[in-house]
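Down below is the structure, laid out as structure tokens.
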Amino acid sequence: MNHIPLSNIKAILLDLDDTLYAYKSCHQAAYEACMILASEKYNLFNSDFEAAWKAGRDKVHQDLHGQGASHSRLLYAQKVSEILFDKTNPQFALEIEETYWRTFLNNMKFKPEVEAFLIDAKSKGIKMCIVTDLTAQIQMRKWLKLDLGRYIDFLVSSEEAGIEKPGAYMFELAMKKLGVKAEECIMIGDSEEKDIKGAEALGIKAYLV
Ligand SMILES: [Mg+2]
2 MNHIPLSNIK AILLDLDDTL YAYKSCHQAA YEACMILASE KYNLFNSDFE
52 AAWKAGRDKV HQDLHGQGAS HSRLLYAQKV SEILFDKTNP QFALEIEETY
102 WRTFLNNMKF KPEVEAFLID AKSKGIKMCI VTDLTAQIQM RKWLKLDLGR
152 YIDFLVSSEE AGIEKPGAYM FELAMKKLGV KAEECIMIGD SEEKDIKGAE
202 ALGIKAYLV
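Using my numbering, read the sequence shown as starting at 2 and increasing by one per residue.
Laid out in structure tokens, this is it:
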């Protein structure tokens with residue numbers, strides 16, 4: 002990230018997941034913790050849990066495509082309970098969700114170079130806004146875990162915007178909060194489809210990490 006050109010840049014729009022930290026290892030640890038809970042407390046076989054999680058997640062993605070809640074671990078877990086218990090089990094769903102995110106957050110740390118980049122950008126007086134797909138509550142918990150308030154000014158989540166990247170309103174809302182125009186910004190993210198094409202469609206420079 003340290004070679005991203007910042008001359009004439011007034012503001013940076015930043016993706017969060019898999020841009021500031023590595024997503025996969027956090028997810029894997031979180032998912033395994035959920036499987037252990039399901040096995041030890043609810044006597045579920047790992048293979049049943051895995052099949053129900055996949056089916057539940059796919060159904061939530063399909064029903065809520067394009068909305069922040071399409072990634073809701075609480076809704077995935079609700080579906081898992083309905084598939085495996087043949088009824089909604091809110092206690093199971095809430096315990097799985099809490100276990101998932103608690104473990105996920107415990108495993109989160111900045112990718113190499115990221116914090117040095119944020120310190121450098123902040124020292125240049127550049128304003129920054131997180132532009133991220135998912136619900137506000139968990140993205141705020143991630144913000145607190147990484148203590149992003151030391152560097153970042155604003156958050157835009159797709160729950161708040163009512164649309165996900167590459168939808169224009171995600172980027173427009175961020176620019177409005179920052180008080181900047183497209184030509185004064187750069188977007189940094191790991192998704193060509195969401196972050197790069199979404200930003201470039203509005204005339205915002207974009208950098209793929
Ligand atoms: Mg990402």
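Positions of the beta carbon are idealized from the N, C-alpha and C atoms, including for glycine.
Check whether residue i and residue j have beta carbons under 8 Å apart
i       : j       : result
Glu-194 : Pro-167 : yes
Phe-111 : Cys-130 : no
Phe-50  : Val-81  : yes
Lys-55  : Met-109 : no
Phe-172 : Ile-197 : no
Glu-98  : Arg-74  : yes
Ile-84  : Gly-57  : yes
His-72  : Asp-148 : no
Gly-199 : Thr-20  : no
Asp-59  : Val-132 : no
Thr-100 : Ala-34  : yes
Leu-106 : Lys-146 : yes
Leu-203 : Ala-169 : yes
Leu-179 : Ala-39  : no
Met-221 : Val-210 : Outside the displayed span of the chain (2 to 210) sits residue 221, for which this structure offers no information.
Counted within 10 angstroms of its Cβ, other Cβ atoms place residue i as buried (16 or more) or exposed
i       : result
Glu-114 : exposed
Ala-117 : exposed
Ser-159 : buried
Glu-165 : buried
Phe-86  : exposed
Gly-69  : buried
Thr-104 : buried
Gln-63  : exposed
Gln-140 : buried
Lys-128 : buried
Rounded straight-line distance, which links the Cα of residue j to that of residue i
i       : j       : result
Lys-123 : Tyr-24  : 24 Å
Gln-79  : Ala-175 : 32 Å
Leu-76  : Ser-8   : 43 Å
Tyr-208 : Gly-163 : 24 Å
Ala-94  : Trp-102 : 12 Å
Ala-30  : Met-188 : 29 Å
Thr-89  : Gln-138 : 23 Å
Review point. Closer than 6 Å from C-beta to any heavy atom of ligand 1: which residues, in chain order?
Key: Here the residues come out as Asp-16, Asp-18, Asp-19, Thr-20, Gly-190, Asp-191 and Ser-192.
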